[in-house]
Every structure is written in structure tokens, then in C-alpha cells.
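Asks:
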Amino acid sequence: MTRRELLQAMGLTAAGAFTPKELLTWDARESTSQDPGLPTPKGIDYKPLDRPIRVLIAGYGNRGGYYGSFQSQLKNEFQVVGVADPIDYKRANATRIHNLDPKNVVNTWEHLFDRPKFADAVLVSTPDHLHYGPAMAALNAGYDLILEKPIAQTWRECSDILAVARKKNAIVGVCHVLRYAPYFVQMKEVVRSGMIGDVVSIQHMEPIHYLHFAHSYVRGIWRNEKQSNPSLLAKSCHDLDILRWVIDAPCERVSSFGSLKYFRDEYAPKGAPTHCMDGCSIEDTCIYHAAQVYVHKKLWGWGHIETSNRTDQGILEALRKGQYGKCVFKNDNTVVDHQVVNMQFAGNVTAAFSMEAMTSYGGRKTRIMGTKGDIVGDERFLDVYDFENRKAIRWDVNQAFGNLDGHGGGDIRLCKDFCHAVARRDETILTSNLTESMESHLIGFQAEKSRNSGGQVQTVKMPR
Ligand SMILES: NC(=O)c1ccc[n+]([C@@H]2O[C@H](COP(=O)([O-])OP(=O)(O)OC[C@H]3O[C@@H](n4cnc5c(N)ncnc54)[C@H](O)[C@@H]3O)[C@@H](O)[C@H]2O)c1
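Residues 13 to 476 in the working numbering are what the sequence shown spells out, letter by letter.
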């Protein structure tokens, strides 16, 4: 029986009862595909640059290498002229790909600053615990900065970076890349235009996917708070930032609950070894068995598994004793696998956010409730409903933009805007400047304080 038939059987379609159509899910409503009725976001007036912005990359890993790859698409805007990374094959790759002068290729970020400034900007894409050092050194040496999120590990460190950036009048772009992704840009524009009236509240969820979580936050470099950050900052600072950006009002109070429920020793199968390949008795059935996940069934990618031999054999060797070969229940992971955050924004706007590890799907889910309409989004479709005209518009980012790699197309757009901001010495070109990014980080730091104090409400107040 379909839902409509069920409603009919219950007599709910009779005159006088509420209209069943109102109860139907979005898919069942009559929506106008690619309706031109959504407001168009204002674009940047990109003027040709006299020369590309010369960038040094501190940390040529996944992110550093990916940003580096934009050089071919942003030929007249972005040029990599130096790299720091302790891993030999990464430095060799960078040198070859960007045709680097060997004297500009160094082992660790500190050596980029052994000599006077020799580029325009530094991209800090080192691991989370190594953001503060290179960011401060780069700013003090007079460079502009593209800074991977999270800005730093503590509010104190974030504030130091802001103080030096202001003193040096530096252009700083924080990689809150979702602000540049066409899907979120369109969402923001619908809200900004007033099409759904005033925002009343938002429900937002980040479903991480159980294998993604196991890879990055149980085995991977974001597993331990001390070595990186709480998962709310490491993963979901994007979400707090998007909420702050879309609501466009300061967050005043926050409370949070969450814990590491599942990926703990007590859930380990009886007799499980520390490394999956050391004769685990449930190899054939464990959904997290490393060799099965990464090699035999290829359920998850090899990013972050360090080995220069990137064949099945090389990866199996790396898993045998390495970090990514460890049992997910026998690790030194501390970060939470589920967390809820409630936020009160100025103007009586509320937002509820959930970060969830245990999902079979990704794609952020958002519901924005306004006084005149609402929005339902899943990082592909935006469904906008206008209460008064009883009109639904469905917008599909894939139809509008085609394939959007790298955080829904946000990565390359951030990079481009940064280069134009530096060339014109105009930080307003950036939507994720340091001051705005600090504000959403503060929500995260205070939410963590709340979670660690049993959910006590914390105030969020940006110092002037
Ligand atoms: N904006 C986003 O959406 C997003 C997405 C993923 C990761 N990140 C952030 O980007 C940063 C890098 O993440 P990643 O996935 O590229 O990690 P990664 O491990 O692939 O890259 C980090 C690189 O830094 C290098 N490194 C380590 N110590 C160094 C040192 N002393 N000097 C110079 N280089 C050093 C490592 O060898 C490695 O190549 C992290 O802070 C992460 O949280 C942001």
C-alpha cells in the first residue's frame, strides 16, 4: 500500500481533513525541476591578474597535493614555488609536478622560513597539531596565508594567529571550503534573499559513514584529540561554520552531548589481535577487517596509508604492522563517534546539529525552517517551498554545475578567490576570512566545553 493509499484508507483525504499532500515527503510533492525561480548568488568580478600568486606548500599530503593540482586549472592565478614535507617521495613528486627549484624543497615547515620571504603566500596543510607553528612563522615573515581548518588546537592559539594577521595586515583564507561550494552558496542565497522569510530554526546533520569514520577517526590521523582535535572541530567545524554563515547572526549559547560509544575495547571480538592481519578469528565476517576493507574488497581508499609502494602488495605490507591495519576496537582513538549540539543564535533562531559515525551514507542533510517557507537539502538537491504560493522548487547542483570535485567544488573556488584577494589586497573577496572562521571555531570550542561538563550551557561571545 502506498502512503497515499494508506491516507485514503484512513479517511484523511476527505474534505475537511488536512490535505494529505502537505504530509507527503518531498519526493512525492509536485516540484518543478530546475525552476529558474531561485535567486542567483552574486559572483566575484574576477579581473585578470598581472602574474600568478606564488605559493609555498607546508605539508604536501592529501590536501597540499590536491591544492597543488589546481595550478594547471588556475594557470594565471596560482603557482606552487616551494614545498616542505618530511616524506621523501612526496617531496620528489612535488618537485617533478611543479618543476621546483631544489633549494625551495625542504624537509619541514621551519626551513621555509630560513631565508627571507621568497613567495607571496604559504598554504598550511600540515596535520592539525602543526598549524599554529607554520601559520605564525608565515605571518611573521610577511606571507599571506591559506590555512587548513581547524585554525589551531586551542582558542588561545587561534587568537594569537588573528592578532599577528591583523598586525601584519595579512590576507588569510581559512579552508572552510563549503562556503565556496555552489550547493551551499545557493542555499545561503535563498536564505539571504528572504524567499523563506526569516529563519526560525535549522536542523543539520553530518552523516560521516561508518567506514569513513573508522578510516579517519578510529585508525587515522584524526583519531586522538590530543594529536589532532575533537571530531567536532576536526570534521564538523565546516558544519558549525555553515550554520553561522547561513543564519547570519552571532551564536549566543550552546550545549552539547556526545561520546565514543562503539569503537572501544569492550566491543572487540573475543581474542581479537591488535592488528587485523595477526590471525583475527573473524576476518571473514568483520566489516572493519583492514585487509578486506582496503585490499580484498576495496571498500575504502588508500589515502593516508603511508607507503611508496602503492600496489595491493605494498598496502598489505603497510597494514600488517601499521596504524591502518589495527583493529578498530583496539586503538588509541579518543574522539567521539556521535555528538549533538544545540545552538541559540541572536534573534531567537535555534539550530540543532548531529554528527553521526554510524551511517551507511554521506551527504549533509539540512532542513531550514523560515517564516514563509522551508528548505530541505542533501548536498545535491535543494528543495525550496513557499508557503504562500504553495510552490515547490527543486534545484539540482549537479544539473546546474556538472561534476563538482573537491568538497562540492569548494576547494578550487577557495583557491581562486584567495589568489584574487591577495592580488587586490582585498580580504572581502574571501567568504571564509580569519575573523569569521574564528567565530564558528568558538562555537566548537564552547560546545566541547559543554559536552565535557555534562551538557552545561556555555555562552559564545567573540572578543572585540
Ligand atoms: N578543508 C577540508 O575540508 C579538509 C579536509 C581534509 C583535511 N583537512 C585538513 O588539512 C590538513 C592536512 O590533512 P591531510 O589530509 O592532507 O593530511 P596528510 O597527512 O595527507 O598531509 C599532511 C602532510 O604534512 C606532512 N608533514 C608532517 N609534519 C610536517 C612538518 N613538520 N613539516 C612539513 N610537513 C609535514 C606530512 O608528511 C603529510 O604529507 C589537516 O589539518 C586536516 O585537518 C581539511
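C-beta: ideal position from N, C-alpha, C; glycine also.
If Arg265 and Thr471 are in contact, beta carbons under 8 Å, what's the gap, nearest whole angstrom?
Replies: On the sequence shown, position 253 is the one that residue 265 refers to. On the sequence shown, position 459 is the one that residue 471 refers to. The beta carbons of Arg265 and Thr471 sit about 6 Å from each other, so the pair counts as a contact at 8 Å.
Asks: How would you call His110, buried or exposed, if buried means at least 16 neighbouring beta carbons within 10 angstroms?
Replies: Mapped onto the sequence shown, residue 110 falls at position 98. Buried.
Asks: Alpha carbon to alpha carbon, how far is Asn343 from Ser268? Give it in angstroms, no decimals.
Replies: Against the sequence shown, residue 268 aligns to sequence position 256. Against the sequence shown, residue 343 aligns to sequence position 331. Approximately 25 Å between the Cα atoms of the pair.
Asks: Assuming Thr443 contacts Tyr192 under a Cβ cut-off of 8 Å, what Cβ separation, rounded to an integer in Å, is found between them?
Replies: The sequence position of residue 443 within the sequence shown is 431, counting from 1. The sequence position of residue 192 within the sequence shown is 180, counting from 1. Yes, they are in contact, since the Cβ atoms of Thr443 and Tyr192 sit about 7 Å apart, within 8 Å.
Asks: Cβ of Arg402 within 8 Å of Cβ of Gly375?
Replies: Counting from one through the sequence shown, the residue named residue 402 turns up at place 390. Counting from one through the sequence shown, the residue named residue 375 turns up at place 363. No, they are not a contact pair.
Asks: What does DSSP give as the partner residue(s) for Ala96 in the beta ladder?
Replies: The residue you call residue 96 lines up with position 84 of the sequence shown. Answer is Ala70 and Val118, bridged to Ala96.
Asks: Where does Tyr397 sit, in a helix, a strand or coil, going by DSSP?
Replies: In the sequence shown, residue 397 corresponds to position 385, counting from 1. Three-state result, Tyr397: strand.
Asks: Hey, is the segment 351-367 in contact with the segment 253-260, meaning 3+ C-beta pairs nearer than 8 Å?
Replies: yes
Asks: Over the uninterrupted beta strand (DSSP E) stretch that includes Ala363, give me the two end residues.
Replies: As a first step, residue 363 must be located in the sequence shown, where it is residue number 351. Val361 to Glu368 is the extent of the beta strand (DSSP E) around Ala363.
Asks: Determine which residues share a DSSP beta bridge with Ala404 and list them.
Replies: Counted from its first residue, the sequence shown places residue 404 at position 392. Tyr397, per the DSSP bridge assignment.
Asks: May I ask you to check if the CB of His250 is nearer than 7 Å to at least one heavy atom of ligand 1?
Replies: Working through the sequence shown from its first residue, we reach residue 250 at position 238. His250 Cβ: within cutoff of ligand 1.
Asks: Where Arg204 and Arg322 are concerned, what is the direct C-alpha to C-alpha distance, given to the nearest angstrom?
Replies: The sequence position of residue 204 within the sequence shown is 192, counting from 1. The sequence position of residue 322 within the sequence shown is 310, counting from 1. Approximately 47 Å, taken between the alpha carbons.
Asks: Under 7 Å from any heavy atom of ligand 1, does the C-beta of Leu142 make it?
Replies: Position 130 of the sequence shown, counted from the first residue, corresponds to residue 142. Result yes, Cβ under 7 Å from ligand 1.
Asks: Just to check, is the beta-carbon of Arg108 closer than 7 Å to a non-hydrogen atom of ligand 1?
Replies: Residue numbering aside, residue 108 sits at position 96 when the sequence shown is read from its first letter. No, ligand 1 has no heavy atom inside 7 Å of this Cβ.
Asks: If you run the structure through DSSP and keep just helix, strand and coil, what is Ala40?
Replies: Position 28 of the sequence shown holds residue 40. Reliability fails at Ala40, whose pLDDT of 37 lies under 50, so the model's placement of it is uncertain and the value that follows must be treated cautiously. Residue state, collapsed to three classes: helix.
Asks: Under DSSP, the beta strand (DSSP E) around Phe269 begins and ends at which residues?
Replies: Working through the sequence shown from its first residue, we reach residue 269 at position 257. Note, Phe269: beta strand (DSSP E), Cys263 to Ser271.
Asks: Whose CA, out of Gly315, Glu329 and His350, lies closest to the CA of Lys273?
Replies: Numbered from its first residue, the sequence shown carries residue 273 at position 261. For the residues Gly315, Glu329 and His350, the minimum Cα distance to Lys273 belongs to His350.
Asks: Taking 7 Å as the cut-off, is the C-beta of Thr138 nearer than that to any heavy atom in ligand 1?
Replies: As a position in the sequence shown, residue 138 is number 126, starting the count at 1. Flag set: Cβ of Thr138 near ligand 1.
Asks: Buried or exposed for Lys428, please, with buried defined as at least 16 other CB atoms from any protein chain shown within 10 angstroms of its CB.
Replies: Taking the first residue of the sequence shown as 1, we reach residue 428 at position 416. When all chains shown are included, Lys428 counts as buried.
Asks: Which runs of the alpha helix (DSSP H) fall wholly inside the segment 278-316 and span at least 4 residues, in chain order?
Replies: none
Asks: Determine the DSSP secondary structure at Gln215, reduced to helix, strand or coil.
Replies: Position 203 of the sequence shown, counted from the start, is the residue given in the question as residue 215. Reduced to three states, the DSSP call for Gln215 is strand.
Asks: With which residues is Asp386 paired in a DSSP beta bridge?
Replies: The residue you call residue 386 lines up with position 374 of the sequence shown. Secondary-structure assignment with DSSP links Asp386 through a beta bridge to Met381 and Tyr397.
Asks: Identify the continuous alpha helix (DSSP H) that holds Met355 and give its terminal residues.
Replies: Taking the sequence shown and counting its residues from 1, the one referred to as residue 355 is at position 343. Counting along the chain, Met355 falls outside any alpha helix (DSSP H), though it belongs to the beta strand (DSSP E) covering His350 to Phe357.
Asks: With a threshold of 7 Å on Cβ separation, who are the neighbours of Pro53 within its own chain once the five nearest residues in sequence on each side are excluded?
Replies: To locate residue 53, count along the sequence shown from 1; it is residue 41. These residues qualify, in order along the chain: Val197, Gln198 and Glu201.
Asks: Let me check understanding here. Comparing Cα to Cα, which of Gln215, Asn236 and Asp251 lies closest to Leu454?
Replies: Position 442 of the sequence shown holds residue 454. Here the closest residue by C-alpha is Asp251.
Asks: Please classify Ser45: does DSSP put it in a helix, a strand, or coil?
Replies: Residue mapping note: residue 45 aligns to position 33 of the sequence shown, counting from 1. Confidence in Ser45 is poor, its pLDDT being 43 and thus under 50, which makes the residue's placement unreliable; the coordinate value appears in the next sentence. Ser45 falls in the strand class under three-state DSSP.
Asks: Contact defined as beta carbons within less than 8 Å: I believe Gly71 pairs with Asp97. What is the distance between those atoms, to the nearest angstrom?
Replies: In the sequence shown, the residue the question calls residue 71 occupies position 59. In the sequence shown, the residue the question calls residue 97 occupies position 85. With 8 Å as the limit, Gly71 and Asp97 qualify as a contact, their Cβ atoms being about 6 Å apart.
Asks: Using only CA atoms, which one of Ala177, Ala147, Gln91 and Tyr397 lies nearest to Val439?
Replies: For the purposes of this step, residue 439 is identified with residue 427 of the sequence shown, where counting begins at 1. Note on residue identity: the sequence assigns Glu, not Val, to residue 439. Checking every option, the nearest Cα to that of Glu439 belongs to Ala177.
Asks: Count the other CB atoms within 10 Å of the CB of Met355; is the residue buried (16 or more) or exposed (fewer)?
Replies: Within the sequence shown, the letter at position 343 stands for residue 355. Result: buried.
Asks: Measuring from the CB of Cys187, is there a heavy atom of ligand 1 at a distance below 7 Å?
Replies: The count along the sequence shown starts at 1 and reaches residue 187 at position 175. For ligand 1, at least one heavy atom lies less than 7 Å from the Cβ of Cys187.
Asks: To the nearest angstrom, how far is it from the Cα of Ile294 to the Cα of Thr346?
Replies: On the sequence shown, residue 294 is found 282 positions in, with the first residue counted as 1. On the sequence shown, residue 346 is found 334 positions in, with the first residue counted as 1. Distance between the alpha carbons of Ile294 and Thr346: 24 Å.
Asks: Under 8 Å between the Cβ atoms of Lys247 and Met367?
Replies: Looking up residue 247 in the sequence shown gives position 235. Looking up residue 367 in the sequence shown gives position 355. Yes, the Cβ-Cβ distance between Lys247 and Met367 is below 8 Å.
Asks: What separation, rounded to the nearest whole angstrom, lies between the Cα atoms of Gly334 and Pro194?
Replies: What you label residue 334 is simply residue 322 of the sequence shown in a count that begins at 1. What you label residue 194 is simply residue 182 of the sequence shown in a count that begins at 1. Each residue's Cα considered, the two are about 38 Å apart.
Asks: Flag this pair as yes or no: are the beta carbons of His233 and Pro139 separated by less than 8 Å?
Replies: Working through the sequence shown from its first residue, we reach residue 233 at position 221. Working through the sequence shown from its first residue, we reach residue 139 at position 127. This sequence places Ile at residue 233; His is not what is there. Yes, the pair counts as a contact, with Cβ atoms nearer than the cut-off.
Asks: Around the Cβ of Thr378, are there at least 16 other Cβ atoms within 10 angstroms (buried) or fewer (exposed)?
Replies: On the sequence shown, residue 378 is found 366 positions in, with the first residue counted as 1. Classification of Thr378: buried, given that the 10 Å Cβ count is 16 or more.
Asks: Would the C-beta of Ala96 count as close to ligand 1, meaning under 7 Å from any of its heavy atoms?
Replies: As a working mapping, residue 96 is identified with position 84 in the sequence shown. Yes, Cβ of Ala96 sits closer than 7 Å to a heavy atom of ligand 1.
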